[in-house]
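Residue numbers (the numbering used here), protein chains in the order written: chain C, 10 to 372; chain G, 2 to 365.
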Amino acid sequence: MTDVLREVTDADLDAIEIGAAILGTGGGGNPYIGKLRCREELKKGNRIPVIPLAEVPDDWLVVSLGGIGAPVVGVEKIEEGEECLRALRAVEKEMDVKVDALISAEIGGANSMEPMLTAAQAGLPVIDGDGMGRAFPEMQMCTWSIYGHREAPAAMADEKGSIVVIRDTPDDVWLERIARAVVVTMGAAAGLATQPMRGDFVKRAAVPSTITQALNLGRAVLLANENNTDPVQTVIDQENGKLLMTGKIVDLERHLKGGFSVGHISLEGFGAFERDTGRIDLQNEFLVFRRNDIVEVCVPDLVVVLDSDTGLPITTEMLRYGQRIAVLGLPAHKLMRSAEALRVVGPAAFGYDDITFVPMEGT
Amino acid sequence: MMEQIKTITRADMADVALGGAFLGTGGGGDPYIGRLMAEQAIDANGPVTVLDVEDIDDDALIVPVAMMGAPTVMLEKLPRGDEAIAALRSLESVLGRKATAIFCIEAGGLNSTIPIAVAATAGLPIIDGDGMGRAFPELQMVSMTMFGVHACPMAMADEKGNALVLNTVDNLSTEKFARVITVEMGGAGMIALYPMTGAQAKEAILRGSLSLITNIGRIIGSEQKANRNPADKLATNLNGMRLFEGRVTDVDRRTEGGFARGQATIEGLDAYQGGSMTLRFQNEFLMAERQDGTPSAMTPDLICLLDLETGQPITTETMAYGYRVIVFGLPCDPKWRTDAGLALVGPRYFGYDIDYQTIENLNM
């Protein structure tokens with residue numbers, strides 16, 4: 010275990026990639042390309058300093074930034090590499106300020122890497138924490154927005170050099186709508202930076218230590234594979250998680266709806282779960298796990314799907330008929346479980362009016 | 002000879018709106034809402050001074066303002082009233098200086114009147130000119146594009162309080178970004194863009210457009226009062242020509258990619274008995290074809306549809322079966338007839354597999 014993370018080095022990147030993908034709960038995009046870019050920056054001699062959340066000065070200006078778009082596109086239309094940096098500079102110019110540090114809006118998936126990459130390019134530190142503690146599909150589903158920060162002005166940049174500044178919107182749902190329309194025109198992948206937050210707000214609103222969390226998770230999985238111990242159990246131990254089921258995918262329905270990957274998988278249990286059937290609903294991320302048609306874990310708690318042998322995460326677009334998987338439930342951070350948060354990231358926000366969120370420890 | 006106008010008063014707005022509808026060439030939206038806005042603003046703030054671009058300092062800041070989106074939406078989703086000013090102020094704050102004068106990006110349709118409302122409200126003069134000399138459907142289709150004036154920074158504002166600033170790599174991508182944002186705003190928004198210095202404007206704009214539409218409006222208005230069809234006088238005064246007269250017998254109109262596209266067939270009446278003409282349009286009329294399929298006029302020359310009795314301009318959206326109409330043609334500004342101009346607004350840009358021929362040559 011790492012004590013306090015002060016800097017991300019080349020040796021950490023592979024582990025963060027795995028940990029971030031696990032926390033992505035099936036979505037959030039692939040961190041692989043971002044990892045390679047971070048590695049390039051480190052090779053050039055640039056650095057990625059990390060500031061623990063508790064040490065952030067109150068009067069610092071912190072910008073939350075990352076990629077926006079369809080994760081599958083991000084893998085095919087590879088970023089030019091400085092999209093987020095240009096978005097950051099546009100926000101600085103719009104507000105006429107200098108930013109002190111960066112933070113990820115979403116530790117799960119590709120956006121774990123983007124702030125580290127921009128930090129290396131801009132010579133800024135990243136803060137050890139994020140706005141979700143996992144991945145979610147829409148921008149207003151992060152703690153900044155939930156706890157009162159307004160995302161506008163925000164800036165978006167594409168790989169061609171175009172910049173769109175969203176100066177004002179009636180609320181963050183409008184910002185998401187407009188940003189979504191703009192990103193489609195940008196070719197479904199762009200960098201986005203939002204209005205700077207003060208350090209004291211970030212300390213209150215960020216899910217703490219999630220870079221460290223991703224790093225430790227990834228290290229544990231790598232180590233278990235090296236030592237031939239059970240990587241799935243390692244993840245459970247590390248995260249206070251619960252093994253929900255080991256099973257085989259016997260049905261898979263997945264289609265694109267409104268820019269999202271929507272569907273479900275059906276599972277037949279094996280091992281200790283031989284008598285059970287399971288079902289996981291997905292909407293970019295895994296949202297709801299049911300055992301024998303009864304809801305057991307749902308958003309904002311994390312439904313994680315791992316390869317049952319290697320413990321490596323399986324994203325929604327990698328799901329295949331016949332795959333043997335382990336389904337884990339991991340508890341969401343308490344900032345994501347408050348009444349304010351549940352309005353935005355609870356089951357009803359994803360169209361499940363009939364499901365009431367119960368913390369997974371209680372089921 | 003056209004009379005150069007020096008001010009626009011409340012009494013002029015009816016003529017401006019009528020002339021603007023004529024130069025809309027079937028599109029550009031009904032100038033009516035903008036006329037009401039301008040009349041209200043002139044009542045509150047006084048008439049608008051119209052300046053010849055030659056009388057502007059080279060380092061003056063000229064800002065065009067306009068409505069962007071589907072004109073029909075504007076009639077249903079009425080503007081709150083201060084969106085255009087919000088877009089202007091937003092652009093000014095990006096540029097770090099105040100506008101010296103307002104400019105009209107498009108003399109045809111709704112955007113002939115909205116800038117006058119903005120000029121009156123802001124207490125600024127307006128330049129006698131525009132960027133199209135007519136109406137066109139996309140925002141890169143202005144003479145400024147030909148002279149290297151960038152559409153960005155561009156400010157957008159809507160009635161809900163959304164505000165954006167665009168900085169894109171070229172004017173075509175400005176159009177693409179602004180179009181999807183406009184759709185998200187509910188189909189219409191107000192924009193301020195193409196900020197220019199006086200020196201740039203002297204080179205890049207089409208001149209005299211506000212005088213032109215006011216004069217056209219006066220001709221149509223006075224001929225209507227005298228119970229004469231204005232087409233003859235318009236032809237004499239504007240070098241225009243009557244291309245066809247008849248009855249609309251078929252209209253095929255679809256909404257595609259945010260545009261009204263389609264074609265209309267007109268069967269000849271009186272002197273044109275036995276013949277027919279087909280008009281093709283994308284918001285504006287772009288192509289007029291004779292019965293044998295040969296063109297009679299094509300973009301960027303102006304094809305206007307007028308009511309056979311009153312001479313009132315008819316838009317592509319209101320045109321219907323049974324209308325008795327005059328198809329009226331007008332040569333476009335010579336700037337559009339250059340290679341650069343035709344690349345922006347010539348027949349090939351709109352998907353017609355044909356080289357541009359001037360309306361004068363086609364109707365010798």
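Even glycine gets a Cβ: it sits at the ideal position worked out from N, Cα and C.
Taking 4 residues as the shortest admissible run, the region 198-264 of chain G contains the following complete alpha helix (DSSP H) segments, listed from N- to C-terminal end: 199-205, 210-226, 232-239. Along the region 131-207 of chain C, the alpha helix (DSSP H) occurs as fully enclosed runs of 4 or more residues at 152-155, 181-194, listed in sequence order. Residue state for C/T127 is assigned as helix, using DSSP reduced to three classes.
The region 51-60 of chain C makes no contact with the region 154-165 of chain C; the number of CB pairs closer than 8 Å stays below 3. Taking 8 Å as the threshold, the shortest C-beta distance from C/R143 to chain G does not fall below it. Taking a contact to require three or more Cβ pairs closer than 8 Å, the region 56-72 of chain G and the region 111-118 of chain G qualify as touching.
In the DSSP secondary-structure assignment, G/T50 is bridged to G/T8. Taking CB atoms only, C/V173 has a neighbour in chain G less than 8 Å away.
According to the DSSP secondary-structure assignment, C/G338 is paired through a beta bridge with C/K251, C/V312.
Setting aside the 5 residues that flank it on each side, G/M14 is surrounded in the same chain by R36, A39, E40, I43, T114, I117, each with a C-beta closer than 8 Å to its C-beta; the list follows chain order.
Under DSSP, the beta-bridge partners assigned to G/G70 are G/A189.
For the options G/R248, G/D233, G/Q283, the alpha carbon positioned closest to that of G/G323 is the one of G/R248. C/A190 belongs to the set of residues whose beta carbon lies under 8 Å from a beta carbon in chain G. Per the DSSP secondary-structure output, C/H273 pairs in a beta bridge with C/E262, C/D290. The beta carbon of G/L79 sits closer than 6 Å to none of the beta carbons in its chain outside the five residues before and after it. Excluding residues up to 5 positions away in sequence, G117, G118, A144 lie with their Cβ nearer than 6 Å to the Cβ of C/G33 in the same chain. The residue among C/A96, C/G208, C/V244 with its C-alpha nearest the C-alpha of G/V166 is C/A96. C/F282 sits in a helix when the DSSP states are folded into three classes. Residue state for G/A158 is assigned as strand, using DSSP reduced to three classes. DSSP places G/V119 in the uninterrupted alpha helix (DSSP H) bounded by 115-123.
DSSP places G/L280 inside the beta strand (DSSP E), whose first and last residues are 277-283.
A direct Cα-Cα distance of roughly 11 Å separates G/N168 from C/D167. The region 275-283 of chain C and the region 259-267 of chain C touch, with no fewer than 3 CB-CB distances between them shorter than 8 Å.
Cβ atoms of G/A156 and G/S223 stay farther apart than 8 Å, at about 39 Å. The straight-line gap separating the alpha-carbon atoms of C/P217 and C/P179 is approximately 29 Å.
If you ignore the 5 residues before and after C/N301, its C-beta comes within less than 7 Å of the C-beta of D285, T286, all in its own chain and listed in chain order. Residue pairing by DSSP leaves G/E40 without any beta bridge partner.
For C/Y41, the CB contacts under 7 Å within the same chain, skipping 5 residues up- and downstream, are E26 in chain order. Between G/A202 and G/G312, the beta carbon gap of about 33 Å keeps them out of contact (Cβ cut-off 8 Å). Around the beta carbon of G/R219, 16 or more other beta carbons sit within 10 angstroms, so the residue counts as buried.
Distance from the CA of C/A128 to the CA of C/F366, rounded to the nearest whole angstrom, comes to 36 Å.
Rounded to the nearest whole angstrom, the CA to CA distance from G/R11 to G/G199 is 27 Å. A buried status is given to G/G20, since no fewer than 16 other beta-carbon atoms sit within 10 Å of its beta-carbon. For G/N168, the residues of chain C that pass the 9 Å Cβ criterion are A99, G170, S171, I172, V173, V174, in the order they occur in the chain. The Cβ atoms of C/V59 and C/D137 sit closer than 8 Å to each other.
For C/E88, the secondary structure class from DSSP, reduced to helix, strand or coil, is coil.
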